[in-house]
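Worksheet for the structure shown next.
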Ligand SMILES: CC(C)(COP(=O)(O)OP(=O)(O)OC[C@H]1O[C@@H](n2cnc3c(N)ncnc32)[C@H](O)[C@@H]1OP(=O)(O)O)[C@@H](O)C(=O)NCCC(=O)NCCS
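In full-length UniProt numbering, the protein residues as written are 1 to 482.
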């Protein structure tokens, strides 16, 4: 995997330590998160904390270079504000902006509208999960959006010394960028002032972004007749991301991401799989709701979309700058071509490795072994043709994994596929709780050394592997800490 593949670096798994993409990181990644003491003035200047800080910052540099000038639409639910973490988000957004990213912020206001309705003793009305916005509810929606907008603008105006906003000087632009239309009458229900995005004024937003402004959008839009409509933050955000052809759409919400059928967070999904998951109808309704809008944005030309939790402090930074991320990323390309192998791939794998077995680069395996171990293989496929493969063998007693059979067909070499396969195997190994990955190689030493492996000895191998070591072949043992 291209570091949760991108032309830019990308994340993928729960955040243990900031393991930064070796694909992009020219320096070795630090093993532990940056400690607060690293920035403290009273730490010894030559101490390990400071060195760790410098290493960490240098390792983040490739991400910063690759994200500079990119457009990110960051949308957050009203629950985030209710949870009291608006300031933290604003600090992080200001940091992204300072690093050269163009930011559009979209906020939701569901709980705040509920509060306004409760204050006025007006009952909330929904049909099919969509609010029916009557006159009273529209007033509440305006009030809630107005208050939130002021709070957000105030948060961006902070600049006290010794705070993350010191010296930020960031201007926020809001405006009538959204043209709305009424939902109308559906199945006999008149949704009144509940609306949908009809079109976005992408050009004006682009102009503001190019002048260094943060664009702030509320979940309200206006029709050409001058009426206001209550919109959903998700609709506004996905329409904005598509209109701007944004590089990323990020939803920061009360859900941690997309779960698999047993409830485990899925770090990455292809667009195709995301659509299938929605069609299968097994997702929690709130996740399905967010996912459906992310999918819409991807279909509208946004290459990457993320669903991340606000419950995790700094989740937007973790998602963007950690190799493993914190939520779920949905991608419209690349990932579809990198997947786990099935029995249908046995023929393709045999074809791929045959020349390398013949010239002695790989140990001969044969159809039977490949069939038996097919579940260990990951493959890269372009247009139905296999171009690369690699396998992971687990040694659970020693918490180690072996990457074997790494192969990229000669016509595809040098385009990063080998690296993507390595990343995929590393991720699979981490998911199994393995701590070290090793390879036995005769001709590819430097390729692995460049990717964080170090020399080891036969004695360092798991016992079962040691017993099988072929002393005539004299393969080098290379190992990497995961
Ligand atoms: C090793 C291999 C998997 C790399 O795949 P890939 O898709 O070309 O890898 P990437 O695109 O990520 O990397 C390409 C870089 O690796 C370098 N590279 C390729 N083979 C190398 C080798 N044997 N030793 C050192 N570097 C090598 C290329 O020169 C290129 O370097 P550059 O980008 O700095 O110019 C592929 O070359 C291959 O299949 N080799 C034959 C099988 C093999 O040796 N497998 C390993 C068994 S242990």
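Glycine is no exception: its CB is placed at the ideal position from the N, C-alpha and C atoms.
Would you kindly work out how many angstroms separate the C-alpha atoms of residue i and residue j, rounded to a whole number?
| i | j | result |
| --- | --- | --- |
| residue 219 | residue 316 | 21 Å |
| residue 364 | residue 343 | 19 Å |
| residue 369 | residue 272 | 31 Å |
| residue 286 | residue 78 | 14 Å |
| residue 393 | residue 400 | 9 Å |
| residue 72 | residue 168 | 19 Å |
| residue 237 | residue 178 | 11 Å |
| residue 247 | residue 302 | 6 Å |
| residue 340 | residue 375 | 7 Å |
| residue 189 | residue 239 | 25 Å |
| residue 289 | residue 361 | 49 Å |
| residue 274 | residue 296 | 11 Å |
| residue 67 | residue 122 | 45 Å |
| residue 65 | residue 321 | 12 Å |
| residue 62 | residue 421 | 20 Å |
| residue 263 | residue 305 | 20 Å |
| residue 201 | residue 232 | 17 Å |
| residue 355 | residue 457 | 28 Å |
| residue 138 | residue 216 | 20 Å |
| residue 312 | residue 88 | 11 Å |
| residue 234 | residue 160 | 33 Å |
| residue 390 | residue 429 | 12 Å |
| residue 479 | residue 56 | 22 Å |
| residue 378 | residue 437 | 15 Å |
Under the rule that 16 or more other beta-carbon atoms within 10 Å means buried, what is residue i, buried or exposed?
| i | result |
| --- | --- |
| residue 124 | exposed |
| residue 564 | Beyond the ends of the chain as shown, which are 1 and 482, falls residue 564; an answer cannot be given. |
| residue 183 | buried |
| residue 243 | buried |
| residue 185 | exposed |
| residue 319 | buried |
| residue 352 | buried |
| residue 441 | buried |
| residue 207 | exposed |
| residue 424 | buried |
| residue 133 | buried |
| residue 413 | exposed |
| residue 268 | buried |
| residue 210 | exposed |
| residue 163 | exposed |
| residue 472 | exposed |
| residue 276 | exposed |
| residue 199 | exposed |
| residue 404 | buried |
| residue 491 | With the chain running from 1 to 482 in the structure shown, residue 491 is simply not present. |
Quick one, which of the options has its alpha-carbon nearest residue i's?
| i | options | result |
| --- | --- | --- |
| residue 195 | 244, 354 and 230 | 230 |
| residue 253 | 109, 94 and 66 | 109 |
| residue 466 | 439, 103, 448 and 360 | 439 |
| residue 477 | 454, 313 and 101 | 454 |
| residue 157 | 174, 138, 144 and 90 | 90 |
| residue 310 | 86, 147, 117 and 284 | 86 |
| residue 170 | 117, 187 and 101 | 101 |
| residue 359 | 331, 443, 112 and 373 | 443 |
| residue 372 | 398, 396 and 345 | 345 |
| residue 126 | 446, 260 and 191 | 191 |
| residue 255 | 249, 308, 216 and 198 | 308 |
| residue 298 | 337, 258 and 250 | 250 |
| residue 449 | 419, 435 and 212 | 419 |
| residue 326 | 225, 332, 258 and 143 | 258 |
| residue 434 | 349, 457, 409 and 462 | 462 |
| residue 328 | 381, 278, 279 and 266 | 266 |
| residue 143 | 457, 115 and 380 | 115 |
| residue 175 | 280, 456 and 105 | 105 |
| residue 294 | 54, 53, 74 and 55 | 74 |
| residue 82 | 147, 347 and 57 | 147 |
| residue 402 | 227, 130 and 427 | 427 |
| residue 415 | 398, 140, 431 and 380 | 380 |
Assign residue i to one of three DSSP states: helix, strand, or coil.
| i | result |
| --- | --- |
| residue 307 | strand |
| residue 482 | coil |
| residue 199 | strand |
| residue 131 | strand |
| residue 191 | coil |
| residue 295 | helix |
| residue 331 | strand |
*What are the start and end residues of each continuous alpha helix (DSSP H) run of 4 or more residues lying completely inside the region 208-277, in chain order?*
Within the region 208-277, the runs of alpha helix (DSSP H) at least 4 residues long that lie entirely inside it are, in chain order, 233-244.
*Taking the runs of the alpha helix (DSSP H) that are 4 residues or longer, which of them lie wholly in the region 80-114?*
Runs of the alpha helix (DSSP H) inside the region 80-114: 86-98.
_Restricting to runs no shorter than 3 residues, where is the beta strand (DSSP E) found entirely within the region 153-185?_
If we require 3 residues or more, the beta strand (DSSP E) runs fully inside the region 153-185 come out as 178-182.
*asked:* Restricting to runs no shorter than 4 residues, where is the alpha helix (DSSP H) found entirely within the UniProt domain "N-acetyltransferase" (336-482)?
replied: For the UniProt domain "N-acetyltransferase" (336-482), whole alpha helix (DSSP H) runs of length 4 or above, ordered along the chain, are 346-358, 366-372, 417-431, 445-449 and 463-468.
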